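Just below is one structure, and these are the notes that go with it.
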Amino acid sequence: MSDEQKNVNADAAQDVQNVLAELKGDGEAPANGAEKKEEQAPTEDAEEARIVAAAAKLGEKSEKAEDQKDNKTQEGESRDNNNNRNNNNRGRNERFQRRNNAKFDPSSQQITDDPVEIRKQVEFYFSDSNLPMDKFLLGKVGGSSNHSVPLELLHSFKRMRRFQPFSAIVEALKSSETLELTEKETAVRRKTPLPESVTDSHDPSVVKVFEDKAMDRSVYAKGFGEEGPTTQLEIESFFAPYGPTNAIRLRRAHDKTFKGSVFVEFETEDKQKAFLALDPKPQWKGQDLLIKSKKEYCEEKVRDIEAGRIKPSNGRGRGRGGGFRGRGRGRGGDNKRDWRERRAEDQKKGFEERKEVQKDSRGVPVIQSTSTESGQKRGREDESAANGDHPAKKVDAKE
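Under the UniProt record's numbering, the residue at position 355 of the sequence shown is numbered 355, and the numbers go up by one with no gaps.
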């Protein structure tokens, strides 16, 4: 019942009380009017009953009207929900299919209490190579606020569950060079916080800063075939002899299908150069790989886009306006004009309006990487959360 209707009912009830008070006052007339009182009593009782009945009827009418209003509202909401379910059914199915296209399954890894493996995994989570791109964990850390993260939460990550017993994690982190235990050894945080420019929100521009810093020590490699449950682990082992590496990212299409290529960030630029200089080049299961520096790969992509050989991607793919998780046509979708038409128009104009390709201070082209899975594996698998997000999937991930 609405507040307005309740006020109406309260007024009616007050009217009843006022009438009763008046009747009571009449009953206190002088004794010589006793006879008259007795004569009026039946009439007054009837009037009181009438007023009470009228007030009750008003209340019932108000409640009925309110119920009808609620029913109409619920019916409208039900219709809206049904329409939304019908309209969004395809979208949910597509998201479900995208999740299924990532086939990595870490359950095949053996249980261990190896302190080196434990430190390596946890330090990766908090590293510059992962944390700025990891929407879930970045929110827990609070960006540059450097909040502590409970060890129990970390232990719930799929790639952490093989580390047993729980006390082994605590002992392993006591000797970490980049992390420190807090809150009576029940939580962990970075010894050196992220830069002040990093907040608790996933920001593609911030991500790009960290990606650019890693450009000169990163390579692109293609030819790994289709993905299986252990492909990530196998690729990790493949690059291990040439490392150490900071991160290995499987590149994925919009539907999360593995493209067969990876970005590998080595610990140092010297390690990257040594890998590129290998002769003969390492093979993947007897098959040759296409290997080049990430910078060379990006420069080739820029030239292909300028020549019209490939269509540029829309932003970072997963973000707002990226054409991936938009709200329908007209919101972040592709330009309706065919890219060949736009190229022909540019050629007629002599490319007068074409802007020079942006490069950073080191001459690295400023472009977006192919979109793929972000680092917040827990948000999707354990919390049904997101992601927007990082353009490549890390092999050393939290699944």
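From the three backbone atoms N, C-alpha and C, an ideal C-beta is built for every residue, glycine too. Quick caveat: nothing in here was measured; it's all calculated off a predicted structure.
Candidates the options: closest to residue i by CA position
i, options, result
"VAL116", "SER175, LYS259, GLU267", "SER175"
"PRO244", "LEU250, ALA253, THR268, LYS292", "THR268"
"LEU131", "LYS285, GLY286, GLU177, PHE210", "PHE210"
"LYS147", "ARG249, GLU177, LEU194", "It should be noted that the sequence gives His, not Lys, for residue 147. Taking only the C-alpha atoms, the option nearest HIS147 is LEU194."
"LEU276", "LYS256, VAL302, TYR242, SER261", "TYR242"
"SER261", "GLN232, THR112, LYS281", "GLN232"
"ARG161", "ILE118, PHE238, SER313", "ILE118"
"ALA168", "GLN283, ARG190, PHE157, LEU151", "LEU151"
C-alpha distance - residue i paired with residue j, whole-angstrom precision
i, j, result
"ASP288", "VAL264", "17 Å"
"SER145", "LYS208", "20 Å"
"SER129", "ALA247", "6 Å"
"GLU226", "THR182", "42 Å"
"GLY142", "LYS285", "42 Å"
"PHE126", "GLN164", "21 Å"
"LEU154", "ALA307", "47 Å"
"GLU236", "HIS254", "23 Å"
"ASP114", "ASP279", "34 Å"
"CYS298", "ILE291", "13 Å"
"ALA187", "ARG159", "18 Å"
"GLY323", "ASP105", "In this predicted model, GLY323 has a pLDDT of only 37, less than 50, meaning its place in the structure is not dependable enough to derive any value."
"ALA240", "PHE124", "15 Å"
"SER197", "PHE266", "25 Å"
"GLN272", "PHE224", "19 Å"
"ASP212", "SER205", "11 Å"
"LEU173", "THR192", "15 Å"
"LYS140", "SER201", "10 Å"
"MET133", "LYS281", "31 Å"
"GLU300", "PHE166", "47 Å"
"SER107", "GLN121", "15 Å"
"LYS184", "GLU296", "48 Å"
"GLU171", "ASP270", "33 Å"
"PHE258", "LYS222", "11 Å"
"ARG249", "VAL149", "24 Å"
"GLU180", "ARG252", "34 Å"
Close beta carbons around residue i, own chain, < 7 Å, minus the five adjacent residues each side
i, result
"LYS294", "MET215, SER218, VAL219, TYR220, PHE263"
"LEU138", "LEU131, PRO132, ASP200, HIS202"
"GLY228", "LYS103"
"ASN101", "ASP255, LYS256, THR257"
"THR230", "SER108"
"THR112", "ARG162, PHE163"
Proximal residues to residue i (C-beta, below 6 Å), its chain only, five neighbours per side dropped
i, result
"ASP304", "ILE310"
"GLU234", "none"
Coil, strand or helix - residue i by DSSP
i, result
"LYS140", "helix"
"THR186", "coil"
"VAL198", "coil"
"GLU180", "strand"
"PHE266", "strand"
"LEU289", "coil"
"SER148", "coil"
"SER129", "coil"
"THR257", "coil"
"THR231", "helix"
"GLY27", "Per-residue confidence for GLY27 stands at a pLDDT of 48, beneath the threshold of 50, marking its modelled position as unreliable; the derived number appears in the next sentence. GLY27: helix per DSSP, three-state reduction."
"PHE324", "With a pLDDT of only 34 at PHE324, under 50, the local geometry of the prediction cannot be trusted, and the value read off the model is given with reservation. Note: PHE324 maps to coil in three-state DSSP."
For residue i, the first and last residue of its enclosing alpha helix (DSSP H)
i, result
"residue 400", "Nothing can be reported for residue 400, as the shown portion of the chain is limited to 1 through 399."
"ILE248", "ILE248 -> not in any alpha helix (DSSP H); beta strand (DSSP E) instead, spanning 245-252."
"ALA102", "Element bounds for ALA102: n/a, residue is neither H nor E."
"HIS155", "151-155"
"LEU278", "Segment: none, LEU278 is in no alpha helix (DSSP H) and carries neither H nor E."
"PHE166", "166-173"
"TYR297", "294-307"
The beta strand (DSSP E) enclosing residue i, as first and last residue numbers
i, result
"TYR220", "218-222"
Cut-off 8 Å between Cβ atoms - residues of its own chain near residue i, not counting five sequence neighbours on either side
i, result
"GLN110", "ARG162"
"ALA274", "TYR242"
"THR178", "GLU123, PHE126, SER127, ARG190, LYS191, THR192"
"PHE238", "PRO282, TRP284"
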